[in-house]
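Undergrad: After the structure tokens below, expect a handful of questions from me.
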Amino acid sequence: MTSHEGTADDRDPSHTFLGMGARITQDEFLKRARQRFGDQFDYSQIRWRSFKSPVKIRCTHHPVQEITITPEKHLQTLGGCRHCLRERRIAALERELNRRSAPERTLAPESETQAVKLTR
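Following our numbering, the numbering of the sequence shown begins with 110 at its first residue and continues without gaps.
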């Protein structure tokens, strides 16, 4: 056997390598994904090949469109749902606008200040 050939176990598509030689299986990926995202994503349609091969998942908040993403990127990012990302960006912008528009140390009642709300 040459150095670039592996054992049958090394070529098993249910295993792949992560980081410093640690193997990650589909079960390990699902465990990590659920720890990170809870029930935000539906993983029932995954056809596992490797940690770096794209899989199809679905956001449970925006289930209209399937998300194609590698398991690696899914765990490294905010998950891959562009709709959730847009909502997070809008919420962050609204918080920043409200923070900047809030008068510092005023004695005005809350009824006189209005929160900024972005709309479509």
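C-beta atoms are modelled at their ideal positions from N, C-alpha and C, and glycine is treated no differently.
Note that this is a predicted model, so its numbers are computed, not measured.
1) Label P180 either buried or exposed according to how many other C-beta atoms from any shown protein chain fall within 10 Å of its C-beta, with 16 as the threshold for buried.
2) What does the alpha-carbon distance come out to for the pair E196 and L202?
3) For K182, which residues from the same chain have a beta carbon less than 8 Å from its beta carbon, with the 5 sequence-adjacent residues on both sides left out?
4) Below 6 Å CB to CB, which residues in the same chain sit around Q154 once its five sequence neighbours on both sides are set aside?
5) Grouping DSSP H, G and I as helix and E and B as strand, with all else coil, what is K165?
6) Which class does E146 belong to by DSSP, given the choice of helix, strand or coil?
7) In terms of DSSP beta bridges, what is D151 paired with?
8) Note down, in chain order, each residue of its chain lying with its Cβ closer than 7 Å to the Cβ of K237, except the 5 sequence neighbours on either side.
9) Would you kindly work out how many angstroms separate the C-alpha atoms of D151 and H192, rounded to a whole number?
TA: Put simply:
1) buried
2) 10 Å
3) G189
4) K165
5) strand
6) The amino acid occupying residue 146 in the given sequence is Phe; Glu does not appear at that position. Here F146 sits in helix by DSSP.
7) R167
8) In this structure the chain extends from 110 to 229, so residue 237 is not present and cannot be described.
9) 15 Å
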